[in-house]
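Protein chains in written order, with the numbering used here: chain A, 1 to 112; chain B, 1001 to 1112.
Where a beta carbon is used, it is the ideal one built from N, C-alpha and C, also for glycine.
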Amino acid sequence: GESVGLHLPTLSVQEGDNSIINCAYSNSASDYFIWYKQESGKGPQFIIDIRSNMDKRQGQRVTVLLNKTVKHLSLQIAATQPGDSAVYFCAENFATGNQFYFGTGTSLTVIP
Amino acid sequence: SQTIHQWPATLVQPVGSPLSLECTVEGTSNPNLYWYRQAAGRGLQLLFYSVGIGQISSEVPQNLSASRPQDRQFILSSKKLLLSDSGFYLCAWGKGGHTEAFFGQGTRLTVV
Chain A
1 GESVGLHLPT
11 LSVQEGDNSI
21 INCAYSNSAS
31 DYFIWYKQES
41 GKGPQFIIDI
51 RSNMDKRQGQ
61 RVTVLLNKTV
71 KHLSLQIAAT
81 QPGDSAVYFC
91 AENFATGNQF
101 YFGTGTSLTV
111 IP
Chain B
1001 SQTIHQWPAT
1011 LVQPVGSPLS
1021 LECTVEGTSN
1031 PNLYWYRQAA
1041 GRGLQLLFYS
1051 VGIGQISSEV
1061 PQNLSASRPQ
1071 DRQFILSSKK
1081 LLLSDSGFYL
1091 CAWGKGGHTE
1101 AFFGQGTRLT
1111 VV
């Protein structure tokens, strides 16, 4: 389900360190997942996606891991940069529908 | 290339006044269209989605309605705004079939 009523958790990391952002999803029927990045006052931007037949997918400096057993998704950002500071959301898509449901989000702050 | 336009960017409206937010998509046909609302510091809540002209699905009971008069036009409306309608409204489009949704830049609505 949606946890839109909760305040955002926060994560602070030093520039150059790796970041790990976690997300728990609720519907075992979800078979497609997306990570979005949202900068202040803007719409979310696509980062990376993964289908349920995979457990890992890599992009440029980002890796998404999917654990269907515990319904958990994570986003790893390598060598975090100040420009990575934003709110990160995971979204799930159910097999039978066109809707995207978003997690609570995590606010990432990169310390120079 | 595909683009999505939302307007206005910001809006201040008195309680009890009507609302009309418009979203248009260019460069694609028969998109799935979505309206989300985001309260300050919180996640995205799916309000409405549409898979075709005149086809609207509502996710949550509320003071708002949506319409899709044309293939690439999605309108969010209210006859009488409430204070609780304040928020950041985001329109998005997608093609379904395990592909991502693309977001507009949002409308910041403040009901006073």
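Residue i Cβ short of 7 Å to the ligand FMN heavy atom set
i                       : result
residue 1101 of chain B : The model on display carries no ligand, and the ligand FMN is accordingly not part of it.
DSSP state of residue i mapped onto helix, strand, coil
i                       : result
residue 1019 of chain B : strand
residue 1085 of chain B : helix
residue 84 of chain A   : helix
residue 69 of chain A   : coil
residue 1112 of chain B : coil
residue 31 of chain A   : strand
residue 74 of chain A   : strand
residue 49 of chain A   : strand
residue 1030 of chain B : coil
residue 1024 of chain B : strand
residue 1014 of chain B : coil
residue 98 of chain A   : coil
residue 18 of chain A   : coil
residue 1098 of chain B : coil
Selection from the options that minimises the alpha carbon distance to residue i
i                       : options                        : result
residue 114 of chain A  : B:1112, B:1110, B:1106         : The structure shown does not extend to residue 114 of chain A, since chain A is modelled only from 1 through 112, so no value can be given for it.
residue 23 of chain A   : A:35, A:14, A:16               : A:35
residue 1086 of chain B : B:1099, B:1062, B:1103         : B:1062
residue 1001 of chain B : B:1013, B:1088, B:1014, B:1027 : B:1027
residue 29 of chain A   : A:52, A:56, A:88, A:82         : A:52
residue 1044 of chain B : B:1112, B:1092, B:1096         : B:1092
residue 75 of chain A   : A:83, A:108, A:98              : A:108
residue 1025 of chain B : B:1097, B:1057, B:1070         : B:1070
residue 92 of chain A   : A:25, A:58, A:106, A:8         : A:25
residue 1102 of chain B : B:1036, B:1112, B:1058         : B:1036
For residue j and residue i, the rounded distance between their alpha carbons
i                       : j                       : result
residue 1083 of chain B : residue 48 of chain A   : 36 Å
residue 90 of chain A   : residue 69 of chain A   : 17 Å
residue 19 of chain A   : residue 32 of chain A   : 22 Å
residue 100 of chain A  : residue 94 of chain A   : 8 Å
residue 78 of chain A   : residue 63 of chain A   : 8 Å
residue 1075 of chain B : residue 1022 of chain B : 5 Å
residue 102 of chain A  : residue 1100 of chain B : 13 Å
residue 71 of chain A   : residue 1008 of chain B : 38 Å
residue 67 of chain A   : residue 55 of chain A   : 6 Å
residue 42 of chain A   : residue 1108 of chain B : 10 Å
residue 10 of chain A   : residue 81 of chain A   : 16 Å
residue 1080 of chain B : residue 106 of chain A  : 33 Å
residue 1073 of chain B : residue 1060 of chain B : 21 Å
residue 1029 of chain B : residue 1054 of chain B : 15 Å
residue 1034 of chain B : residue 27 of chain A   : 20 Å
residue 1078 of chain B : residue 1064 of chain B : 5 Å
residue 1038 of chain B : residue 16 of chain A   : 31 Å
residue 50 of chain A   : residue 104 of chain A  : 19 Å
residue 1097 of chain B : residue 98 of chain A   : 8 Å
Status (buried if at least 16 other CB within 10 Å, exposed otherwise) for residue i
i                       : result
residue 1016 of chain B : exposed
residue 1104 of chain B : buried
residue 1066 of chain B : buried
residue 1010 of chain B : exposed
residue 86 of chain A   : buried
residue 1041 of chain B : exposed
residue 1031 of chain B : buried
residue 1111 of chain B : buried
residue 1004 of chain B : buried
Partners in chain E for residue i, counting only beta-carbon separations shorter than 9 Å
i                     : result
residue 51 of chain A : Within the model displayed, chain E is absent; protein chains A and B are what it includes.
Going along the chain, which residues of the region 1066-1080 of chain B sit with their C-beta nearer than 9 Å to a C-beta in chain A? none
Could you please tell me which residues of the region 27-46 of chain A, in chain order, have their CB closer than 7 Å to any CB of chain B? 32, 34, 42, 43, 44, 46
Relative to chain A, which residues along the region 1012-1032 of chain B have a C-beta separation below 9 Å, given in chain order? 1032
For the region 85-105 of chain A, enumerate the residues whose C-beta is nearer than 8 Å to any C-beta of chain B, in chain order. Taken in chain order, the members of the region 85-105 of chain A whose beta-carbon sits within less than 8 Å of a beta-carbon on chain B are 89, 91, 93, 98, 99, 100, 101, 102, 103, 104, 105.
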